[in-house]
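Peer 1: Protein chains in written order, with our numbering: chain A, 60 to 383; chain B, 60 to 383. All C-beta atoms in this analysis are idealised placements derived from N, C-alpha and C, irrespective of residue type, glycine included. Keep in mind the model is a prediction, meaning the values are calculated, not measured.
Protein chains: 2
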Amino acid sequence: MTSASKADRKALLVDCDTGIDDAIALLYLLADPGVEICGITTVFGNISAATAARNTLWVLDVAGRTGQVPVAEGSELTLVGEQTHRTGDVHGGEGLGGAEVREPSGRVVGESAAELIVRTARERPGEVHLLATGPLTNLAVALRLEPKLTGLVKGVTVMGGAALAPGNITPAAEANVWHDPEAAQAVLSAPWETTLVPLDATMREVMTEDQRLSLAGSRSAVARFAADILDHYMDFYTSVFGCRCCACHDVLAAAIAVGDVVPTRAATVRVAVDTSPGPARGATICDLRGQYKGKAKQRGATCTVVLQTAGGFPETVVQRLLRT
Amino acid sequence: MTSASKADRKALLVDCDTGIDDAIALLYLLADPGVEICGITTVFGNISAATAARNTLWVLDVAGRTGQVPVAEGSELTLVGEQTHRTGDVHGGEGLGGAEVREPSGRVVGESAAELIVRTARERPGEVHLLATGPLTNLAVALRLEPKLTGLVKGVTVMGGAALAPGNITPAAEANVWHDPEAAQAVLSAPWETTLVPLDATMREVMTEDQRLSLAGSRSAVARFAADILDHYMDFYTSVFGCRCCACHDVLAAAIAVGDVVPTRAATVRVAVDTSPGPARGATICDLRGQYKGKAKQRGATCTVVLQTAGGFPETVVQRLLRT
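(1) Report the residues of the stretch 340-355 of chain B with a CB closer than 9 Å to any CB of chain A, ordered along the chain.
(2) Can you tell me which residues form a DSSP beta bridge with L252(A)?
(3) Mapping DSSP to helix, strand and coil, what is D74(A)?
(4) Determine, using beta carbons only, whether A260(A) and V365(A) come nearer to each other than 7 Å.
(5) With contact counted as at least three CB pairs below 8 Å, one residue from each stretch, are the stretch 267-285 of chain A and the stretch 110-122 of chain A in contact?
(6) From the DSSP output, in three-state form, read off G221(A) for me.
(7) What distance in whole Å lies between the Cβ atoms of I79(B) and L195(B), which are believed to be in contact at a cut-off of 8 Å?
(8) Can you tell me the Cα-Cα spacing of D309(A) and L86(B), whole angstroms?
(9) Do L116(A) and G165(A) have their C-beta atoms within less than 7 Å of each other?
(10) Please report the residue range of the alpha helix (DSSP H) in which E174(B) lies.
(11) Please return the same chain residues whose Cβ sits closer than 8 Å to the Cβ of L136(B), not counting the five positions on each side in sequence.
(12) Below 9 Å on C-beta distance, what does P257(A) contact in chain B?
(13) Does DSSP put G98(B) in a helix, in a strand, or in coil?
(14) Out of V332(A), V377(A), V330(A) and N227(A), which one is the CA nearest neighbour of S277(A)?
(15) Less than 7 Å between the beta carbons of D81(B) and T192(B), yes or no?
(16) Using CA coordinates, which residue listed in E264(A), G353(A) and S335(A) is at the minimum distance from A314(A)?
(17) Among D239(B), G226(B) and M218(B), which has the Cα closest to the Cα of A199(B)?
(18) In the structure shown, what three-state DSSP assignment does A275(B) receive?
(19) Please tell me whether V177(A) and V212(A) are closer than 7 Å, where the distance is taken between their beta carbons.
(20) Just confirm the distance between the C-beta atoms of L175(B) and G98(B), as a whole number of angstroms; I'd bet it's less than 8 Å.
(21) With H, G and I counted as helix, E and B as strand and the rest as coil, what does DSSP make of G104(A)?
(22) Kindly list the residues whose CB is nearer than 6 Å to the CB of K69(B), restricted to its own chain and excluding five residues on each side of it in sequence; keep chain order.
(23) Please compile the residues from chain B whose C-beta is within a distance smaller than 7 Å of the C-beta of D333(A).
(24) Taking only beta carbons into account, state which residues of the stretch 228-242 of chain B come closer than 9 Å to chain A, listed in chain order.
(25) Between G337(B) and S335(A), which are expected to be in contact by the criterion C-beta below 8 Å, what is the C-beta distance as a whole number of angstroms?
(26) Using a beta-carbon distance below 7 Å, is F300(A) in contact with chain B?
(27) Of all the beta strand (DSSP E) runs that stay within the bounds of the stretch 261-325 of chain A, which reach a length of 3 or more residues?
(28) Pull up the DSSP beta-bridge partners for T363(A), would you.
(29) What's the call for C305(A), buried or exposed, on a 16-neighbour Cβ count within 10 Å?
(30) Residues of chain B with a CB under 9 Å from the CB of A224(A): which are they?
(31) Would you mind telling me which residues of chain B sit closer than 9 Å to M262(A), beta carbon to beta carbon, in chain order?
(32) Among H150(B), E162(B) and A242(B), which has the Cα closest to the Cα of D333(B)?
(33) Is DSSP giving T192(A) helix, strand or coil here?
(34) Please classify C302(B): is it buried, with 16 or more other beta-carbons within 10 angstroms of its beta-carbon, or exposed?
(35) Could you tell me how far apart the beta carbons of K352(B) and F300(A) are, in whole angstroms, since I believe they sit closer than 8 Å?
(36) State yes or no: is the C-beta of L204(B) within less than 7 Å of the C-beta of A173(B)?
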């Protein structure tokens with residue numbers, strides 16, 4: 060891999076609830092010399108924000124990047140102050156599928172997640188892209204902290220929601236959005252360009268057990284760690300797909316954020332998050348009524364919903380991790 | 060067409076808000092000697108229940124069946140007593156696209172829609188299939204009138220909802236369900252076998268302007284009437300599909316109810332109707348999370364959601380109407 064000059068590097072702030080696929084996304088991004096991760100902030104979701112921060116620091120250790128990226132802890136509660144259920148069965152009790160996670164070498168910074176996001180965006184206006192792979196609480200708090208944030212960041216990519224696909228945590232809702240619908244509504248209705256990477260796309264980019272085994276057999280410690288945590292993930296996803304494999308949610312969003320993957324089908328449409336107490340709570344209602352005439356762009360819409368990618372992306376992930 | 064013996068005929072009660080595609084469904088069914096329509100009940104929706112009754116009587120006149128099928132007027136208000144908006148632009152102000160509708164020869168019966176449904180089901184237990192192509196208010200009222208109705212009818216087929224497809228009247232909701240979500244919830248959660256024919260299926264069975272023109276050029280007065288009312292429908296649907304054509308909502312449900320069309324993809328799953336005041340009000344939330352492993356049947360589920368049919372059905376409709 061050629062190293063990119065500093066000016067060419069894509070600056071990314073990653074907000075995540077470091078469970079298994081967040082970890083894969085981080086390892087994927089950390090392995091790209093063309094990407095500068097200028098901060099990682101954590102949020103409750105797969106696990107607590109504190110555990111997510113510890114897991115993130117451990118991922119940095121595994122990647123040999125200890126101390127090189129600031130990690131800030133964020134919200135443990137939703138925007139409106141509630142504690143929502145964790146999905147411990149999907150990612151394992153500690154979020155990394157029961158893989159060995161030792162006490163990390165690094166420490167979190169003193170700032171909160173929202174503070175780190177706002178400060179970084181102010182220091183580098185127009186340069187930094189936000190990637191969110193967990194509930195959107197930290198981003199919503201950052202928007203309250205600095206309403207001008209929408210004009211300070213280069214763009215926002217969110218793994219979350221389900222447009223025409225079924226939900227996962229409920230029949231209608233995807234887990235990241237369901238965990239904090241009010242925060243998701245705040246983020247997706249804010250006047251900035253967002254790219255939503257929902258289950259419609261991520262459930263079609265499926266890593267197989269064979270691909271995981273190729274990681275497991277590698278000499279790369281990073282690849283073996285990935286195989287180790289994906290082992291648990293595939294245990295869970297066997298109940299979803301009927302065979303040992305897994306979706307690549309967060310790493311697909313990461314690849315779209317940095318331009319590695321260009322959606323083959325996407326629509327820029329109005330998106331409303333259901334914040335009612337009804338059965339659709341947490342649903343991302345994308346106005347795709349224009350699909351029958353192929354009209355993508357709706358006036359006033361700022362959210363691009365990724366509906367499909369070309370497929371084959373998991374192999375790209377595997378190959379990159381094998382080269383680490 | 061061969062005539063069927065009375066015993067072989069499929070007995071059908073049709074509940075509808077006779078706009079354009081309801082009328083096409085009625086003409087399609089009336090042209091089948093194997094189908095016995097033992098009653099038609101009307102409901103508000105596309106237009107008022109009273110106008111729907113008048114339109115229904117006119118359709119019977121056009122089909123040369125005046126006085127042969129009892130027509131009963133039903134609800135003008137939702138189950139909870141509200142008046143909802145009409146979709147006058149879709150079906151034209153009087154519901155039949157501005158086609159000439161003279162004073163019909165027949166008259167409505169003295170019973171209400173719900174009374175006719177309940178009485179017929181009691182008189183012929185296990186024999187009659189219910190087909191609903193409008194809001195589900197009359198069926199919900201009938202269930203309140205006679206809770207044993209669920210065991211008295213042979214089955215229920217409903218044109219309505221959107222499973223994985225976008226809605227039509229809102230981004231999340233299909234018009235029939237949206238007009239009375241509380242009634243839809245009552246009907247779809249009642250312990251009877253229902254088949255839901257949502258936009259997922261109906262928006263893929265599209266009649267073309269060429270097909271309509273073949274009806275318009277026919278010597279059959281029924282076919283020409285169909286072409287006449289479909290003219291307005293295609294005006295509306297041009298804004299949806301980007302060309303002159305139209306979906307075949309209600310007639311597809313009719314064909315599925317009598318077994319003319321067998322779905323190529325369907326799933327028997329739990330369906331919840333969103334009755335909240337949120338942005339998903341009127342959405343039919345079908346639990347299709349099992350789709351990735353091809354598992355159709357959910358324990359306890361009684362609603363079969365039609366997701367796809369083979370295509371080409373509009374030509375069947377055209378050929379039948381041309382033969383009338």
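Peer 2: Walking through what the data contain:
(1) For the stretch 340-355 of chain B, the set of residues with a beta-carbon nearer than 9 Å to any beta-carbon of chain A comprises R340, A342, I344, C345, D346, L347, R348, G349, Q350, Y351, K352, G353 and K354, in chain order.
(2) A small correction: the amino acid at residue 252(A) is Glu; Leu does not occupy that position in the sequence shown. Under DSSP, no beta-bridge partner is assigned to E252(A).
(3) Of the three classes helix, strand and coil, the one that applies to D74(A) here is strand, per DSSP.
(4) Yes; because the gap between Cβ atoms is below 7 Å, this pair is in contact.
(5) Yes, since at least three Cβ pairs between the stretch 267-285 of chain A and the stretch 110-122 of chain A fall closer than 8 Å, the two stretches touch.
(6) As written in the sequence, residue 221(A) is Ala, which differs from the Gly given in the question. Residue state, collapsed to three classes: coil.
(7) About 20 Å separates the Cβ atoms of L195(B) and I79(B), ruling out a contact at the 8 Å cut-off.
(8) Their Cα atoms are separated by approximately 52 Å.
(9) Result yes, Cβ atoms of L116(A) and G165(A) sit closer than 7 Å.
(10) Start and end: A172 to E182.
(11) For L136(B), the CB contacts under 8 Å within the same chain, skipping 5 residues up- and downstream, are F103, Q142 and T196 in chain order.
(12) In chain order: nothing, as chain B lies at least about 12 Å away.
(13) It is a strand residue.
(14) Across the set V332(A), V377(A), V330(A) and N227(A), the C-alpha of V377(A) shows the shortest separation from the C-alpha of S277(A).
(15) At a Cβ-Cβ threshold of 7 Å, D81(B) and T192(B) count as neighbours.
(16) Ranking the options by Cα distance to A314(A), first place goes to E264(A).
(17) Scanning D239(B), G226(B) and M218(B) for the CA closest to the CA of A199(B) turns up D239(B).
(18) Three-state result, A275(B): helix.
(19) Not closer than 7 Å, so no.
(20) The C-beta distance from L175(B) to G98(B) rounds to 5 Å, short enough to meet the 8 Å contact threshold.
(21) In the three-state scheme derived from DSSP, where H, G and I count as helix and E and B as strand, G104(A) is classed as coil.
(22) The residues are V94 and V317.
(23) Ordered by position in chain B, the residues that pass the 7 Å Cβ test against D333(A) are G337, P338 and A339.
(24) Within the stretch 228-242 of chain B, the qualifying residues are T229, P230 and A231.
(25) Their Cβ separation, rounded to whole angstroms, is 3 Å, which keeps G337(B) and S335(A) in contact under 8 Å.
(26) Contacts with chain B at 7 Å (Cβ-Cβ) include F300(A).
(27) Those beta strand (DSSP E) runs which fall completely within the stretch 261-325 of chain A and span 3+ residues are 265-267 and 304-306.
(28) Per DSSP, T254(A) and T327(A).
(29) Classification for C305(A): buried.
(30) Contact annotation for A224(A) against chain B: L223, L347 and Q350 [CB-CB distance below 9 Å, chain order].
(31) Residues of chain B passing the Cβ test: Y351.
(32) Cα-wise, what sits closest to D333(B) is A242(B).
(33) For T192(A), the secondary structure class from DSSP, reduced to helix, strand or coil, is coil.
(34) By the neighbour-count rule (16 or more Cβ atoms within 10 Å), C302(B) is not buried but exposed.
(35) So it is a contact: roughly 6 Å between Cβ atoms.
(36) The Cβ atoms of L204(B) and A173(B) sit closer than 7 Å to each other.
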